[in-house]
Amino acid sequence: MPKFVDTRDDSILPVDGKNLVLFHPHIPPTAIDEIADTLQTRWIGQGPKVELFETAFRDAIGSTQHPVAVGSCTDAMHLAYLLCDLKPGDEVIVPVFTCTATNIPLLYHGVKIRFADAQPGTLNIDPDHVRTLVTDRTKAIVCVHYGGLPCDMDPLQAIADEIGVPLIEDAAQAVGASYKGRPIGAISDFTAFSFQAIKHITTGDGGMLMIRDPDLVSKSKRIRWFGIDREAKQGGTWENDIREIGYKYQMTDIGAAMGLAALKTLDETLTLRKSILARYVDRLAGMDGIEVVGAHFKDRVHAAWLCTVLVDRRKDLERKLRSKSIESGQVHFRNDRYSVFSDFREAKLPNMDAMEERYLVLPLHTQMSVADADRVCDVIQSGW
Ligand SMILES: *Cc1c(COP(=O)(O)O)cnc(C)c1O
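In structure tokens, the structure reads:
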């Protein structure tokens, strides 16, 4: 297998009003007041705003599961893996095409990673391939809603139910997505969200694990804080033995303050992002040599975090866009290319092989407008 090579021409474009950059953080103006308010209290680490944010986020996505705010989506994924009690020798089926944060925490557990192929046309995990990877050692199935498009949840859940293992969703890109009328974050055993700098909502860095089983909530909160039961500790008693290994995975009130401000504008954020994606889809429909990934599903709502296209002669299009001051890029790479996952390479991932040289991410963020998407489409339609 060829070595991982970063093929970008040069460094990313500067943000100068003329260049259209690929990503930009979304910071609502009220975030500044929320943070200032927090800085004037005694709680800047994990305090009351973290709990307020947990509840507000759960309500905003329309879930009744149990939210646990953490320091990142990577923390949330690791927390889910800890709650599944994964042990060396266990096997976990994961998507080969995702942010490395989905799969790196599995390496902490020494489990055997089984990379499942991507699905043509969506780049999401292919449930048909997942089924062929099941063994009697399979202990969990992981999926990622790439770009914000929900995976085929019914077939994935059916496989998980059949073999009696949890389904874990990496929903870092899928705030506001839904599948067959059910919000992402309300469906499976565990769903992890990210509030990293360029996600729909940012808390600087942060994450949320939605947990279905109420019996796992207090354990998850202990693991989040060294293994200590903070509520009992605040009771002032020394009944606080530590019986399990914990981590320092909490969210801070400063982050939660940003998150609370961002939630107030989540509807507008989603509306703008969706209309930019819809414009790309409309304008590029029917063009030869280019296709927007995951554009035409009627049974699920796309959270419009990324606009990814499958394109012929990708390098040429990237260069053409760059010559017109428009940034584009691959953003994520198939995980089996990284040395750290080299023990887990599968013999054949034909769909991923077919798409590997073809996917390209176009600008989509709240500092741009639908007219900016038109500008990108004009350049694409002029040929590359
Ligand atoms: C951003 C992202 C992550 C990582 O989130 P952090 O909050 O930075 O840990 C994980 N998975 C996916 C799919 C992502 O896009």
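Read the sequence shown against the numbering used here and you will find it ends at 1321, with the numbers running on by one and no gaps.
Quick reminder that beta carbons are idealized off the backbone N, C-alpha and C, glycines included.
For my contact list, residue i and residue j are in at a C-beta cut-off of 8 Å; report their separation, rounded to the angstrom.
| i | j | result |
| --- | --- | --- |
| Gly1144 | Phe1130 | 6 Å |
| Cys1088 | Asn1061 | 4 Å |
| Ile1100 | Val1071 | 6 Å |
| Met1195 | Glu971 | 7 Å |
| Pro1300 | Asp1311 | Their Cβ separation, rounded to whole angstroms, is 12 Å, which puts Pro1300 and Asp1311 out of contact at 8 Å. |
| Gln1094 | Ser1125 | 7 Å |
| Ala1241 | Lys1211 | 5 Å |
| Val1298 | Leu1243 | 5 Å |
| Glu1106 | Phe1127 | 7 Å |
| Lys1201 | Thr975 | Not quite, the Cβ-Cβ distance comes to about 15 Å (not below 8 Å), so this is no contact. |
Which partner residues does residue i have in the DSSP bridge list?
| i | result |
| --- | --- |
| Asp1107 | Val1081 and Ala1129 |
| Cys1244 | Leu1299 |
| Lys1049 | Glu1028 |
| Gly1266 | Val1298 |
| Ala1055 | Ile1062 |
| Phe1034 | Arg1271 |
| Ser1115 | Pro1120 and Val1238 |
| Trp1162 | Lys1185 |
Using the three-state DSSP reduction, which class does residue i fall into: helix, strand or coil?
| i | result |
| --- | --- |
| Gln1002 | coil |
| Lys1156 | helix |
| Val1238 | strand |
| Lys1170 | helix |
| Lys1252 | helix |
| Met938 | Its pLDDT being 48, under 50, Met938 is placed unreliably in this model, and the value from its coordinates should be taken loosely. Met938 falls in the coil class under three-state DSSP. |
| Phe960 | coil |
| Ile1138 | coil |
| Ile1317 | helix |
| Pro1287 | helix |
| Leu1093 | helix |
| Met1305 | coil |
| Leu1023 | coil |
| Met1147 | strand |
| Thr1075 | strand |
| Ile1227 | strand |
| Arg1282 | coil |
| Thr944 | Summary for Thr944: the model assigns pLDDT 49, below 50, so the residue's position carries little reliability; its value from the coordinates is reported in the next sentence. Three-state DSSP puts Thr944 in coil, outside helix and strand. |
| Ser1322 | With the chain running from 938 to 1321 in the structure shown, residue 1322 is simply not present. |
| Tyr1018 | helix |
| Lys1185 | strand |
| Asp953 | coil |
| Gly1192 | helix |
Whose CA, out of the options, lies closest to the CA of residue i?
| i | options | result |
| --- | --- | --- |
| Gly1085 | Lys1252, Val1048 and Leu1214 | Leu1214 |
| Cys1080 | Thr1069, Glu1099, Pro1103 and Gly1058 | Pro1103 |
| Ala1123 | Arg995, Ser1009 and Ala1017 | Arg995 |
| Asn1177 | Gly1183, Gly999 and Ala1169 | Ala1169 |
| Tyr1045 | Ile964, Ile1096, Asp1152 and Tyr1184 | Tyr1184 |
| Gly999 | Ile1121, Val1029 and Leu950 | Ile1121 |
| Arg1322 | Thr1303, Leu1297 and Ala1284 | Residue 1322 lies beyond the range of the chain shown here (938 to 1321); nothing can be said about it. |
| Asp1249 | Gly1141, Asp1091, Met1224 and Ala997 | Met1224 |
| Tyr1186 | Ala1017, Leu959, Leu1023 and Val1307 | Ala1017 |
| Pro962 | Val1313, Asp1309, Ala1308 and Thr1303 | Thr1303 |
| Thr1075 | Val1005, Asp1309, Leu1023 and Ala968 | Leu1023 |
| Ile1288 | Ile1148, Phe1281 and Arg1271 | Looking at the sequence provided, one finds Asn at residue 1288 rather than Ile. Checking every option, the nearest Cα to that of Asn1288 belongs to Arg1271. |
| Val1238 | Asp1073, Arg1119 and Ala1134 | Arg1119 |
| Ala1193 | Ile1078, Ile1105, Gln983 and Thr1011 | Gln983 |
| Arg1282 | Ser1262, Val1031, Leu1019 and Pro1042 | Val1031 |
| Gly1164 | Ile1179, Ser1155 and Asp1219 | Ile1179 |
| Pro1092 | Asp1073, Gly1008 and Asp1065 | Asp1065 |
| Phe1234 | Met1305, Val1033, Lys1117 and Ile1148 | Lys1117 |
| Val1218 | Ser1009, Asn1040 and Cys1314 | Cys1314 |
| Ile1191 | Val958, Phe960, Trp980 and Ala1222 | Trp980 |
| Ala1077 | Val1033, Leu950, Ala1108 and Cys1021 | Cys1021 |
| Leu1146 | Arg1161, Asn1040, His1137 and Lys1257 | Arg1161 |
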